[in-house]
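Undergrad: What follows is a single structure, and I will ask about it in a moment.
There are 4 protein chains.
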Amino acid sequence: MTIAREIGSRDISLWFADGSNYPGTQNIRQRRAWFIESLQASHAALAPGQRLLVEYKPFEPAFYHTDIADWGMALLLARAAGPHARVLVDTGHHYLAQNIEQIVAWLLAEDMLGGFHFNDRRYADDDLTLGSIDPYQVFRIFHEIRLFEYETGRRADIAYMVDQSHNLKGKIEAMLQTVATAQELYAKAAIVDHAALLDAQQHTDLVRAESLLQDAFATDVRPAIREWRTSHGLPVDPMQAFRESGYLERITAERGARTTSRASSYA
Amino acid sequence: MTIAREIGSRDISLWFADGSNYPGTQNIRQRRAWFIESLQASHAALAPGQRLLVEYKPFEPAFYHTDIADWGMALLLARAAGPHARVLVDTGHHYLAQNIEQIVAWLLAEDMLGGFHFNDRRYADDDLTLGSIDPYQVFRIFHEIRLFEYETGRRADIAYMVDQSHNLKGKIEAMLQTVATAQELYAKAAIVDHAALLDAQQHTDLVRAESLLQDAFATDVRPAIREWRTSHGLPVDPMQAFRESGYLERITAERGARTTSRASSYA
Amino acid sequence: MTIAREIGSRDISLWFADGSNYPGTQNIRQRRAWFIESLQASHAALAPGQRLLVEYKPFEPAFYHTDIADWGMALLLARAAGPHARVLVDTGHHYLAQNIEQIVAWLLAEDMLGGFHFNDRRYADDDLTLGSIDPYQVFRIFHEIRLFEYETGRRADIAYMVDQSHNLKGKIEAMLQTVATAQELYAKAAIVDHAALLDAQQHTDLVRAESLLQDAFATDVRPAIREWRTSHGLPVDPMQAFRESGYLERITAERGARTTSRASSYA
Amino acid sequence: MTIAREIGSRDISLWFADGSNYPGTQNIRQRRAWFIESLQASHAALAPGQRLLVEYKPFEPAFYHTDIADWGMALLLARAAGPHARVLVDTGHHYLAQNIEQIVAWLLAEDMLGGFHFNDRRYADDDLTLGSIDPYQVFRIFHEIRLFEYETGRRADIAYMVDQSHNLKGKIEAMLQTVATAQELYAKAAIVDHAALLDAQQHTDLVRAESLLQDAFATDVRPAIREWRTSHGLPVDPMQAFRESGYLERITAERGARTTSRASSYA
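Line by line, the protein sequences are chains A, B, C and D. FYI, this note's numbering numbers position 86 of the first sequence as 86, with every residue one higher than the one before it. Going from the second sequence to this note's numbering is simple: count from 1 and add 267. Going from the third sequence to this note's numbering is simple: count from 1 and add 534. Going from the fourth sequence to this note's numbering is simple: count from 1 and add 801.
What follows is the structure, given as structure tokens:
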């Protein structure tokens, strides 16, 4: 927290690996009490304007129980910590089949959504690039945020972060891909006709309501995004621009030179 | 609630099948607001001493989202409803791999556990007889309750209910089996050495702590339960007593006679 | 099978609800042997040109074990039945997180894919309309079929069927929506550049290979499909055409008149 | 395989981490063909009496698709490899809710079960100690093996192995615990009354059949195992014997002395 203050970071994002591997080995309620105690102490050390973001994860690396297993535990701990604590949603930290956008909607309604760690996954916390497995789900998450903003007339105060593990793709390429995907899926969410949607929901016109989401998702927003890039003096195709820039080759050469003098390195 | 008052039922147990089947068709936050409104109205109608028990379920019969999907939503709704609302845990209403006893421990710590609907399952809400698939899990749930009572010195105020669907087994046989299993698993939980367990947990002696649970579970408590039955003038083997009683044959004959005059019946 | 022969149905599609609800109550290997015996007898009764399609399902309505739980069991039974038996894939009959398109690719490689029962789901066998929850997955299934056809130069002999349960949407509307969605997702799969894809796979160019799928999926194929409908003399917007046709009102009135004389009806 | 031959190891156990992380990046059918090719080459290099054991795993470290995702793929690859290839079942390598003992029963019926990697888990491939999360499931696996042996009159040729990751427990303690648990759960499976079980199954007497498994599981077999240890001159309590032996302290001191001269070590 001292570091966060010095570098001017607003959000202190907390993920705890703690828990237990075997039934009986730890006292679940005692550990909850310890968590409340330590989060309150952390909260008291916040500078004005700073926030605590409490992350949850139902499994791994603690296998039998993780201390903050789900959004319910994270919310209760954040409330117990103090008024500037919020919940952080890592999209990969859920049970299979869990409706993540519903959790997002509830956290928004409870004024407890602090931020996201975005990534995608198939089975566990796979940390794949955003939207690579289930793009419609990411779209629905963005949609819940946009609908909240439309209905309340105010901006949701959310820290958008990416938490991925690029172990096969090039790291910079993967990040470019992630940002481009986020732009596309957010743009699709932005063109949902909210007034028509609320009307269809109000009249329980299921097919019309559903189609409003589906039509927005089916729309090809890439031309509009390319135009936006051009109008802002940005490369139309970020991936191509990166590849043509020679940046990767340059820093690889520089870092390689720097690290040959050492015994080992992750460059 | 009028009926509950008239028949002297303390607990009003609420399970809502509501939700939506398709993304976009319903407004999740609006429905949450309606739920708060209606639960507050219900709470206001409680007679002195009565409680509202709010049940959660993550899927089925609403397939895309169920309004009260998990214990976190149930807890927030129960808190919003009023001081006499609690959460009801149906053991079959969880995501796969969810640690149910951890939820039980949290609800106890938050003073929000109202009751159980017991059953067992493999994949979904299968409503099989208690302990038929995973008896060690039921034992761990009972253990968390017993440990809470040991540490706090007071009885947890929990409504124990069975919510099963006996579509192949005879209904009375299945209930006898369920009660006998509950007795056995509860008795195993009751013989855990709590003082030794807390000591082992305190010293992070993992194998000793875990073994205290495992040894209790491995103990054959059936002889003690049989003795207890004898000492209370109860049949030593309830299933055998039921079969020898002729009760099933008698009521089957009686109901058959009564129903032959009607077009259809579930007897 | 007699009926199938008389009405000229090529495929006998078999789904078995059988299994057991409780460990120990049935002999798994004995039941497998009975299945082989009965499927061989059924296969022997096939008319020339007819096929047996063996469906699998890992849960429900048998809760502890279903006799044909997965594609592996279905394939082994189909092989044991005879040369004209194939596997039927119901997209909702899988474990959570299972990669369905991989199973489709294997069945194609083994020449054992007979057909599909299409639907979508979030948690269990929800039987929602195709692509309503995870459209990218349906696209990937179609892609594996198209890629197989591209590489082998022959048409995959697949029976495409819809197996959904429209309990909230109007049944005809839901089917129109399903067919339109299938057309769109299949069209997206059809525009994948297979030659470029195989080249990128060959060179382990991950981002390029992935992007070829993603770009096809991001393409808005609705204008092309509308054109195709016009060129074939079909209504451009099938849903609107249906609504304006008055068909639903007419048959509702007709069936209502016919059924008022009976005690009960599902109209 | 050369090493296996030289050290006289009968079983070559193969687990492949291969697969892909993103849709489209690899050709699933091409990789299957490569697997068949390489497994056939491996099989050809087997010495007389040796076996290939093909392991499957549905996820991790390849996140989108693993080449040998389930027992069906492993069985087909083993059959394609040659007559001395069998399937290896790692109990942690399954989808949630999958009935593992059913897979074991099928592999036995197909004469394709080669061995086990035992461990336990809650969510993913947690590699916890055997029976620590779901002991009844391990019992049911042993039961299927015993029942197969009872019915066929021959011993199942199975390589029993332990594949766990002891990252919190002491490694030797964890192995002692594992072996003791395996003894107990196997002993419980050994006392199931097979003749009575087959009779109850034959008569569809569900409660009696189920109770025969449950009663065996509820029996405390620890006294009999202790007696067996005594009669074989083994320590009655292996864990206590190990702790009193001073073995751990001795090798820790020895290895510590040996490794202080090196830069780094895993001792």
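Quick reminder that beta carbons are idealized off the backbone N, C-alpha and C, glycines included.
1. Can you pull the chain E residues whose beta carbon is under 9 Å from the beta carbon of residue 658(C), in chain order?
2. Which chain A residues sit within Cβ distance under 9 Å of residue 823(D)?
3. Using the beta-carbon of each residue, which ones in chain A are nearer than 7 Å to residue 338(B)?
4. Would you mind working out which of 360(B), 496(B), 337(B), 461(B) sits nearest residue 102(A), comparing C-alpha positions?
5. Thinking just about the alpha-carbon of each residue, which of 598(C), 653(C), 674(C) is nearest to the one in residue 747(C)?
6. For a cutoff of 8 Å on Cβ pairs, would you count residue 747(C) as touching chain B?
7. Specify the secondary structure class of residue 998(D) as computed by DSSP and reduced to three states.
8. Quick check on DSSP: helix, strand or coil for residue 813(D)?
9. Using only CA atoms, which one of 709(C), 640(C), 665(C), 700(C) lies nearest to residue 681(C)?
10. What are the uninterrupted segments assigned as beta strand (DSSP E) that are 3 or more residues long and contained completely in the region 604-662 of chain C, given in chain order?
11. Can residue 887(D) and residue 909(D) be called in contact, C-beta distance under 8 Å?
12. State the Cα-Cα distance for the pair residue 1067(D) and residue 1060(D), rounded to the nearest angstrom.
13. In the DSSP assignment, find the beta strand (DSSP E) that holds residue 155(A) and state where it starts and stops.
14. Considering only the beta carbon of each residue, do residue 298(A) and residue 186(A) sit closer than 8 Å?
15. Since residue 865(D) and residue 821(D) are thought to touch, with beta carbons under 8 Å apart, how far apart are those beta carbons, to the nearest angstrom?
16. Is the beta carbon of residue 188(A) sitting closer than 8 Å to the one on residue 221(A)?
17. Would you say residue 15(A) reaches chain B, if we count a Cβ-Cβ gap shorter than 8 Å as a contact?
18. Compare the beta carbon distance of residue 387(B) and residue 378(B) with 8 Å and say whether it is the shorter of the two.
19. What residues of chain B sit near residue 985(D), judged by a beta carbon separation below 8 Å?
20. Is there a C-beta anywhere in chain D that falls below 8 Å from the one on residue 776(C)?
21. Around the C-beta of residue 895(D), are 16 or more other C-beta atoms found within 10 angstroms, so that it is buried, or is it exposed?
22. Give a yes or no on whether the minimum CB-CB distance between residue 726(C) and chain A is below 8 Å.
23. Please name the residue, chosen from 391(B), 302(B), 335(B), 311(B), that lies closest to residue 269(B) on a Cα-to-Cα basis.
24. Could you tell me whether any Cβ in chain B is nearer than 8 Å to the Cβ of residue 900(D)?
25. Just to confirm my understanding: we take residue 798(C), look at its own chain, exclude 5 residues before and 5 after, and list those with CB closer than 7 Å. What are they?
26. Closest by CA to residue 1025(D), which one among 1005(D), 1040(D), 999(D), 991(D)?
27. State the Cα-Cα distance for the pair residue 953(D) and residue 745(C), rounded to the nearest angstrom.
28. Using the C-alpha atoms, what's the distance from residue 1051(D) back to residue 1058(D)?
29. Using only CA atoms, which one of 610(C), 542(C), 571(C) lies nearest to residue 581(C)?
30. Which partner residues of residue 820(D) appear in the DSSP bridge assignment?
31. For residue 678(C) and chain A, any beta-carbon pair shorter than 8 Å?
32. Rounded to whole angstroms, what is the Cα-Cα separation between residue 710(C) and residue 688(C)?
33. Under the assumption that residue 692(C) contacts residue 751(C) (Cβ atoms under 8 Å), give the Cβ distance between them as a whole number of angstroms.
34. Rounded to whole angstroms, what is the Cα-Cα separation between residue 434(B) and residue 659(C)?
35. I'd like to check one pair, residue 195(A) with residue 201(A): are the Cβ atoms closer than 8 Å?
36. Beta-carbon separation of residue 178(A) and residue 130(A) under 8 Å?
TA: Straight from the coordinates:
1. This model lacks chain E altogether; the protein chains it does include are A, B, C and D.
2. The answer, in chain order, is 128, 129, 132, 133, 168, 169.
3. 72, listed in chain order.
4. Distance from the Cα of residue 102(A) is smallest, within the candidate group 360(B), 496(B), 337(B), 461(B), for 337(B).
5. Here the closest residue by C-alpha is 674(C).
6. The beta carbon of residue 747(C) sits no closer than 8 Å to any beta carbon of chain B.
7. Residue 998(D) sits in a helix when the DSSP states are folded into three classes.
8. Annotated three-state conformation of residue 813(D) is strand, per DSSP.
9. Of the candidates 709(C), 640(C), 665(C), 700(C), the residue whose Cα lies closest to the Cα of residue 681(C) is 640(C).
10. The region 604-662 of chain C contains these whole beta strand (DSSP E) runs: 619-624, 647-652.
11. No.
12. Annotation note: pLDDT 38 at residue 1067(D) (below 50); position unreliable, no value reported.
13. Note, residue 155(A): premise wrong, no beta strand (DSSP E); not H, not E.
14. The structure shown does not extend to residue 298(A), since chain A is modelled only from 1 through 267, so no value can be given for it.
15. Between residue 821(D) and residue 865(D) the Cβ distance is about 5 Å, and since that is below 8 Å, they are a contact.
16. Cβ atoms of residue 188(A) and residue 221(A): closer than 8 Å.
17. Taking a beta-carbon distance threshold of 8 Å, residue 15(A) does not count as an interface residue toward chain B.
18. Not a contact, by the Cβ cut-off of 8 Å.
19. Near residue 985(D) (Cβ distances below 8 Å), the residues of chain B are 485.
20. So, not an interface residue.
21. Answer is buried; the Cβ neighbour count reaches 16.
22. No, residue 726(C) does not count as interfacial toward chain A.
23. The shortest C-alpha separation from residue 269(B) is found at 311(B).
24. Residue 900(D) counts as touching chain B.
25. Low confidence applies to residue 798(C): its pLDDT is 45, below 50, so where it sits in the model is not reliable enough to give any reading.
26. Of the listed residues, the one whose Cα sits closest to residue 1025(D) is 991(D).
27. In a straight line, the C-alpha of residue 953(D) is about 54 Å away from that of residue 745(C).
28. Per the coordinates, the alpha-carbon of residue 1058(D) lies some 11 Å from the alpha-carbon of residue 1051(D).
29. Distance check between residue 581(C) and each of 610(C), 542(C), 571(C) places 542(C) closest, using alpha-carbon atoms only.
30. Paired residue(s): 867(D).
31. So no, residue 678(C) is outside the interface.
32. So the two alpha carbons sit approximately 29 Å from each other.
33. So it is not a contact: roughly 21 Å between Cβ atoms.
34. Here the alpha carbon of residue 434(B) sits roughly 19 Å from the alpha carbon of residue 659(C).
35. At the C-beta level, residue 201(A) and residue 195(A) stay beyond 8 Å of one another.
36. Closer than 8 Å, so yes.
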